[in-house]
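Novice:
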Amino acid sequence: MSDPEYDQYDDLRKKILGLGDSSFRKTYYPVLRHKQMELERFRIILDHVNDMVFLISYPECKVVDFSLRAAEKLGFRPEEITGSEISRFLHYDSGKPVSLHEMKDKAERVLIRAEIECKQGERIPVEADLSFTNYGDEIYCAVICRDISERIQMEKMIFESESQYRTTIEAITDGILVVNSSGRSIICNRAFRDQYLRFAGRVFSPKINAKDFFRNIGLFKDDELDSFMSSRDFEEKTGKILMNDKMAVLKVRKMPISHEFRHGLSVLILSDITQSTVLDEIRRDVFYQLNHNMEQFAILNDEIRNPLQALLGTIELENPMLAAAIHPFISEINTIVRRLDIGWLESEKVRGMIKKHYGVSVLDKDEIGDAVLYLKEFGHDEGMIL
1 MSDPEYDQYD DLRKKILGLG DSSFRKTYYP VLRHKQMELE RFRIILDHVN DMVFLISYPE
61 CKVVDFSLRA AEKLGFRPEE ITGSEISRFL HYDSGKPVSL HEMKDKAERV LIRAEIECKQ
121 GERIPVEADL SFTNYGDEIY CAVICRDISE RIQMEKMIFE SESQYRTTIE AITDGILVVN
181 SSGRSIICNR AFRDQYLRFA GRVFSPKINA KDFFRNIGLF KDDELDSFMS SRDFEEKTGK
241 ILMNDKMAVL KVRKMPISHE FRHGLSVLIL SDITQSTVLD EIRRDVFYQL NHNMEQFAIL
301 NDEIRNPLQA LLGTIELENP MLAAAIHPFI SEINTIVRRL DIGWLESEKV RGMIKKHYGV
361 SVLDKDEIGD AVLYLKEFGH DEGMIL
């Protein structure tokens, strides 16, 4: 029969000697080695991440530990970093040192933009993540600093690009309006805001609906407007609007935006073409008159040539001597008539161009006066048409 007290001491002896299944050597040390390997792996990962990592004691605010990347970026030897206050390296862009005491009062975790000052005086812009934690009776702050130099450069480039884009859009004299699939405005330029005030009679406000705007000024019929706005193809519409006995001619073009992140958006370009339309009407009248004059010259040629030939034939029969005397003058007249014939033949291209490009009129004859009144009121270049 075994003695319980002896068995207890025997088990303890086996544990100490490492002979039992649950000895310290077989249970404690393997677990310790496993934990050590985990810590070493974590340290390797920590040293090879691109972020700069600091472990700061609080409230002393001194560096207790840091990653290899942090030492490389700072340019200091490890012994120069350990024990230094974090405010020696971490500053705001104004030059003011970052105070952990101020951060601790705000929250347990704070994200700020700051700068890391290196040994050579170089300042690296960083996004610093400060997180406070308790370890036993002590408080530590983990500071993870990410280099955002490339991000700041990219933000600067985006800002400059946006500024150039905005400047370019604002400089365009045609009205530009970007709308979504329902016709609600997204962005517009200054020219469109001026057009909205002129044609709609009120100040432009964000989130207007282009459908309501075009419908109210009478540029579209209802069925035309719905088809125009819902189409995903390039569309163009030219029309007349009447405002207090003044007439304007507008052209609107719609260009859908084909982009995976901008589905359903369209660019509307509104052009006031009243002046060019009036000029076209004046040109059309001039060309019509030229064409009419050319036809009259052709008729005149026949009316001159035929009697002239009859007259010359009669004189030659009745009085050959008189015919010889007037023949040089008749030849001169015939030369002039022949030149008129050649001019008529050479004008064929001009007459063809007139028929092709000036055959359709946007404004009626009685509407030109209303359009001129509109141009006078809204400050177009009157010297070109009046």
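For what it's worth, UniProt numbering labels the leading residue of the sequence shown as 1, then goes sequentially. All residues carry an ideal CB built from backbone N, CA and C; glycine is no exception. Predicted model, so just to flag it, every value in this text is computed and none were measured.
Report yes if the CB atom of Y140 is closer than 7 Å to the CB atom of L55, and no otherwise.
Specialist: Along the sequence shown, one-based indexing puts residue 140 at 140. Along the sequence shown, one-based indexing puts residue 55 at 55. Cβ distance < 7 Å, so Y140 and L55 count as in contact.
Novice: Just tell me which of P206, D226, S205 and K207 has its CA closest to the CA of R215.
Specialist: In the sequence shown, the residue the question calls residue 215 occupies position 215. Minimum Cα distance to R215 is reached at D226.
Novice: Excluding the 5 residues flanking G264 on each side, which residues of the same chain have their C-beta closer than 7 Å to its C-beta?
Specialist: Within the sequence shown, the letter at position 264 stands for residue 264. Excluding five sequence positions before and after G264, the CB atoms of its chain that fall closer than 7 Å to its own CB belong to N180 and S181, given in chain order.
Novice: Between the stretch 145–165 and the stretch 56–67, do at least 3 Cβ pairs fall closer than 8 Å?
Specialist: no
Novice: Could you check which residue in H48, L46 and L270 has the C-alpha nearest to that of D174?
Specialist: Taking the sequence shown and counting its residues from 1, the one referred to as residue 174 is at position 174. When H48, L46 and L270 are compared, the shortest CA-CA separation from D174 is found for L270.
Novice: Skipping 5 residues on each side, what residues in its chain have a beta carbon closer than 6 Å to that of R253?
Specialist: For the purposes of this step, residue 253 is taken as residue 253 along the sequence shown, with counting starting at 1. The beta carbon of R253 sits closer than 6 Å to the beta carbons of E236 and I269 from its chain, once the five residues preceding and following it are set aside; these are given in chain order.
Novice: Whose C-alpha, out of F234, P256 and Q275, is nearest the C-alpha of V249?
Specialist: Sequence index remark: in the sequence shown, residue 249 carries index 249 (1-based). Considering only alpha carbons, the answer is Q275.
Novice: Less than 7 Å between the C-beta atoms of I144 and D51, yes or no?
Specialist: As a first step, residue 144 is located in the sequence shown; it is residue number 144 there, counting from the start. As a first step, residue 51 is located in the sequence shown; it is residue number 51 there, counting from the start. The Cβ atoms of I144 and D51 sit closer than 7 Å to each other.
Novice: Please report the distance separating the alpha-carbon of T168 from that of R198.
Specialist: Translated into the one-based positions of the sequence shown, residue 168 becomes position 168. Translated into the one-based positions of the sequence shown, residue 198 becomes position 198. Their Cα atoms are separated by approximately 22 Å.
Novice: Which whole-angstrom value describes the C-beta separation of N229 and K211, a residue pair presumed to lie in contact below a C-beta threshold of 8 Å?
Specialist: Numbered from its first residue, the sequence shown carries residue 229 at position 229. Numbered from its first residue, the sequence shown carries residue 211 at position 211. Strictly speaking, residue 229 in this sequence is Met, with Asn absent from that position. So it is a contact: roughly 6 Å between Cβ atoms.
Novice: Where do the N-terminal and C-terminal ends of the beta strand (DSSP E) with Y140 fall, by residue?
Specialist: Residue 140 sits at position 140 when you count from the first residue of the sequence shown. DSSP places Y140 in the uninterrupted beta strand (DSSP E) bounded by E138 to D147.
Novice: Closer than 7 Å by C-beta to I148: which residues in its own chain qualify, once you throw out the five before and the five after it? Chain order, please.
Specialist: Working through the sequence shown from its first residue, we reach residue 148 at position 148. So the list reads P125, V126 and E127, once near-sequence residues are dropped.
Novice: Alpha carbon to alpha carbon, what distance is there between N209 and R88?
Specialist: Counting from 1 along the sequence shown, the entry for residue 88 is found at position 88. Counting from 1 along the sequence shown, the entry for residue 209 is found at position 209. Distance from the CA atom of R88 to the CA atom of N209, rounded to whole angstroms, is 57 Å.
Novice: Can you tell which of G218, N244, K246 and I257 has its C-alpha closest to the C-alpha of T238?
Specialist: As a position in the sequence shown, residue 238 is number 238, starting the count at 1. That would be G218, whose Cα lies nearest to the Cα of T238.
Novice: Do E115 and H91 have their C-beta atoms closer together than 7 Å?
Specialist: For the purposes of this step, residue 115 is identified with residue 115 of the sequence shown, where counting begins at 1. For the purposes of this step, residue 91 is identified with residue 91 of the sequence shown, where counting begins at 1. Contact flag set, yes.
Novice: Taking all protein chains shown into account, decide if N293 is buried (16 or more other Cβ within 10 angstroms of its Cβ) or exposed.
Specialist: The sequence position of residue 293 within the sequence shown is 293, counting from 1. Exposed: under 16 other Cβ atoms inside 10 Å.
Novice: Going straight from the alpha carbon of T82 to that of E72, what length do you get?
Specialist: Indexing the sequence shown from 1 puts residue 82 at position 82. Indexing the sequence shown from 1 puts residue 72 at position 72. Computed Cα separation, rounded: 14 Å.
Novice: Could you give the uninterrupted runs of the alpha helix (DSSP H) lying entirely in the stretch 253–329, keeping only those of 4 residues or more?
Specialist: 274–318
Novice: Find out if the Cβ-Cβ distance for the pair V178, I172 is shorter than 7 Å.
Specialist: In the sequence shown, the residue the question calls residue 178 occupies position 178. In the sequence shown, the residue the question calls residue 172 occupies position 172. No, the pair does not count as a contact, with Cβ atoms beyond the cut-off.
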